Amino acid sequence: MHAHVQTQSIIDQIGTVVFGKEHQTRLALACLLAQGHLLIEDMPGIGKTTLAQCLARSLGLAFQRVQFTSDLLPGDVIGVSIYDPADRAFHFHRGPLFTQVLLADEINRATPKTQSALLEAMEERQASVEGITHPLPAPFFVIATQNPVEQAGVYPLPDSQLDRFLMRIHLGYPERHFEKALLQLGETRSRIASLSPVLDATAIPAMQQEVAAVFASEALVDYVLNILTLTRRHPEVVMGLSPRAGQGLVRAAQAWAWLQKRNHVLPEDVQAVLPWVVGHRLKARATLREFPPAALDELLAHVAVV
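Below is the structure:
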């Protein structure tokens, strides 16, 4: 089966469980293909965890879920060394981090110390314990969910960790007819369990290589650079986009173009992924909160399309 047909099959299959969220599913798939990590932010009960579970199951990847709480320790995520009296030596017992898809559920309910345990793994695809480096499986994809910061009992993710997420998406409440169907069908666990893998673990790295080979012209790169420069000079932005954000924007646009069955990136691809790549990276000077979407659209309008 052709790779593009397989990806559409994944999106269609997830749609049998997560109703009316095809666009968000496509963004999540683009994030994985761009070798990034995904942050899903929304109210409890919207379907964040369900989407993550459906994605992992449809991709045929090893999956682990960690429920982040205030008493979760870094060792609970990475693993610990345990002394074995039989050979008088310590042996490393791997934690749930050593998987292909890690669901970090409600990540902002854990303390900053535990949140930071993911940093090296997300950036370097490896974890260090007591001076020994342990490589992580490939592919390695973190899907973190978090509740809005206005919720009680949450620890806002620091900018350094937010920057490790290629995209942040929101799900929002379902439309009435989708929610009606959801209520009529009842619980979702059995429907998640019924999903069958569309791919195997070896297919994803090959797709990621195809995405990385999608052509981004010099003019397209200049377009992205103009966006970065404008955010750095904008009087209402606290801190402009970093070079890492620019790299992520190009990678995400390559993945989006690939999903549209193209071998080159267009400005429309950059525009399609821009809100989800930069929304969690920009803060408005007036409120010190995220840059409003309307202001982001206005900013983009000032950048000439190549």
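In the numbering used here, the protein residues as written are 759 to 1064.
Think of the CB as a built atom: it goes at the ideal place given N, C-alpha and C, for glycine as much as any other residue.
All values reported here derive from a predicted model rather than from experimental measurement.
| query | Which residue's Cα is closest to the Cα of H762: F848, C812 and A788? | reply | Closest option to H762, judged by alpha-carbon separation, among F848, C812 and A788: A788.
| request: Put Y841 into one of helix, strand or coil per three-state DSSP. | output: DSSP places Y841 in the strand class (E or B) of the three-state scheme.
| task | Would you mind reading off the limits of the beta strand (DSSP E) that contains S886? | result | Here the beta strand (DSSP E) through S886 covers Q884 to V887.
| field | Cβ neighbours of A875 in the same chain (closer than 7 Å, five flanking residues each side left out) | value | Hits under 7 Å: P832, V835 and I836.
| request: Look at the alpha carbon of L957 and the alpha carbon of W1034, and state the distance between them as a whole number of angstroms. | output: Each residue's alpha carbon lies about 26 Å from the other.
| said: Could you tell me the alpha carbon to alpha carbon distance between I804 and Y913, rounded to whole angstroms? | reply: Looking at the two C-alpha atoms, the distance is approximately 20 Å.
| Residue range of the alpha helix (DSSP H) that T807 falls in? | Looking at the DSSP string, the run of the alpha helix (DSSP H) that includes T807 is K806 to L817.
| task | Using only alpha-carbon positions, find the residue among G1037, P895 and H760 that is nearest to T1007. | result | Residue 1007 is actually Leu in this sequence, not Thr. Nearest Cα to L1007 within the set G1037, P895 and H760: G1037.
| request: Starting from the C-beta of K806, find all residues in its chain whose C-beta is less than 7 Å away, skip the five residues before and the five after it, and write them out in chain order. | output: The residues I798, D800, T903 and L929, in chain order, have a CB closer than 7 Å to that of K806 in the same chain once the five nearest residues on each side in sequence are set aside.
| message | Measuring alpha carbon to alpha carbon, tell me which residue in L1017, T989, N1021 and S1000 is nearest R1043. | response | Residue T989 is the option with its Cα nearest to R1043.
| said: Check this for me: beta carbons of L855 and A820, under 7 Å apart or not? | reply: Note that the C-beta distance between L855 and A820 is not below 7 Å.
| message | So for R784, helix, strand or coil by DSSP? | response | Note: R784 maps to helix in three-state DSSP.
| said: Once the 5 residues before and after P870 are set aside, which same chain residues still bring their CB inside 8 Å of it? | reply: Apart from the 5 residues on each side of it in sequence, P870 sits with its Cβ closer than 8 Å to the Cβ of Y913 and P916 in its chain, given in chain order.
| Where does K1106 sit, in a helix, a strand or coil, going by DSSP? | One cannot answer for residue 1106 here, as it falls past the ends of the chain, which runs 759 to 1064.
| said: If you follow the beta strand (DSSP E) that T903 is in, where does it begin and where does it stop? | reply: Its beta strand (DSSP E) spans residues F899 to Q904.
| Environment of Q771 [buried if 16+ CB atoms lie within 10 Å] | Taking all protein chains shown into account, Q771 has 16 or more neighbouring C-beta atoms within 10 Å of its C-beta and is therefore buried.
| task | Please report the Cβ distance between Q1012 and V969, rounded to the nearest whole angstrom; I am assuming they are in contact, meaning their Cβ atoms lie under 8 Å. | result | The Cβ separation is near 5 Å, so the contact holds.
| task | Mind reading off the beta-carbon distance from L978 to V1023? Whole number of angstroms is fine, and I expect it under 8 Å. | result | With a Cβ gap of about 5 Å, L978 and V1023 count as contacting.
| said: For a test of the three-state rule: what should DSSP assign to L1058, helix, strand or coil? | reply: DSSP, read as helix, strand or coil, puts L1058 in helix.
| said: Can you confirm whether the stretch 836-849 touches the stretch 809-825 when touching is taken to mean that 3 or more C-beta pairs between the two stretches lie within less than 8 Å? | reply: No contact exists between the stretch 809-825 and the stretch 836-849.
| task | Name the residue from I865, V776, L791 and T783 whose alpha carbon lies nearest to the alpha carbon of E937. | result | Each of I865, V776, L791 and T783 was checked against the Cα of E937, and the nearest Cα belongs to V776.
| task | Within 10 angstroms of the Cβ of H795, are there 16 or more other Cβ atoms? Answer buried if so, exposed if not. | result | When all chains shown are included, H795 counts as buried.
| query | Ends of the beta strand (DSSP E) at P893? | reply | Start and end: I890 to P893.
| query | For L860, which residues of its own chain have a beta-carbon under 6 Å away from its beta-carbon, when the five flanking residues on both sides are left out? | reply | So the list reads Q822 and V900, once near-sequence residues are dropped.
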